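Notes follow the structure.
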Amino acid sequence: MRFVRTSVLLLGLLSGVNVYRAYTQSITIDEAFTYNHWVAAPDAQASRESPYNNNLNTWLCVLMGRIMPPSEFTLRLPSVLGGLLYFIALFRLCLLLFGNTIWLFLAIAANALNPFVLDYLSAARGYGLALAFLTLGTFYAVRCLDDREPRLGELVKAGWMFGLAIDSHVTVVFAVAAIQAMTA
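Using the numbering used here, the first residue of the sequence shown is number 1, and each one after it goes up by one.
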């Protein structure tokens, strides 16, 4: 039980760090472009030609901009929530794969403490949401394979999560294809 508690403590601490970073770091050019062309004043020309329009992330940024007063943190809120979802999915996946062993903590630490991962969990670019849905989809796919008789419901959940991952940021399409090929 101590590895579960230690892992939860680490992920809770990293969630706090993620919120702090999202609240304090200055805006990036990608975030400013998203805000200027979709949140503040929707621009039809930019939406057709821009690589920054990461569908689900952009829609959630627009929604946050309508609900809350505009700020860097408001724009990043979907990514921050995606980071929280990633930590929950990572914990569930690692617990399924490794049980309550030292490997649980090591796997979570190796995946969650990566500075490149942490950087994208607090920036409004769609990568954090994509990683969260990809990890959750992987959890459902592994859980489906873990049973003696595959459960269709788990496979459907995995498919939905993979679809949301691709809609969050199209770069995960290759990872989704590889996981689906492995599952098949």
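Backbone N, C-alpha and C fix where the C-beta goes; we use that ideal spot for every residue, glycine too.
Just so we're clear, the structure is a prediction, and the values are computed from it rather than from any experiment.
Comparing alpha-carbon positions, which option in the options lies nearest residue i?
| i | options | result |
| --- | --- | --- |
| TRP59 | PRO115, PHE73, VAL156, THR34 | THR34 |
| ASN36 | ALA109, VAL62, ARG21 | VAL62 |
| ALA124 | ALA112, SER168, PHE91 | SER168 |
With H, G and I counted as helix, E and B as strand and the rest as coil, what does DSSP make of residue i?
| i | result |
| --- | --- |
| SER26 | coil |
Could you round the C-beta distance between residue i and residue j to whole angstroms and report it? I think they count as a contact, below 8 Å.
| i | j | result |
| --- | --- | --- |
| ILE179 | THR135 | In fact, because the Cβ distance is near 10 Å, the residues do not count as touching under 8 Å. |
| TYR20 | PHE73 | About 10 Å separates the two Cβ atoms, so there is no contact after all. |
| VAL142 | LEU97 | 7 Å |
| ASN100 | VAL8 | With 8 Å as the limit, ASN100 and VAL8 do not qualify as a contact, their Cβ atoms being about 12 Å apart. |
How would you write the range of the alpha helix (DSSP H) that residue i sits in, first residue to last?
| i | result |
| --- | --- |
| PRO70 | Counting along the chain, PRO70 falls outside any alpha helix (DSSP H), and DSSP gives it neither H nor E. |
| VAL117 | 115 to 121 |
| TRP38 | Segment: none, TRP38 is in no alpha helix (DSSP H) and carries neither H nor E. |
| VAL142 | 127 to 146 |
How would you call residue i, buried or exposed, if buried means at least 16 neighbouring beta carbons within 10 angstroms?
| i | result |
| --- | --- |
| SER79 | buried |
| ASN57 | buried |
| ARG191 | Past the edges of the chain, shown from 1 to 184, lies residue 191, and the structure says nothing about it. |
| MET68 | exposed |
| ILE108 | buried |
| VAL173 | exposed |
| VAL156 | exposed |
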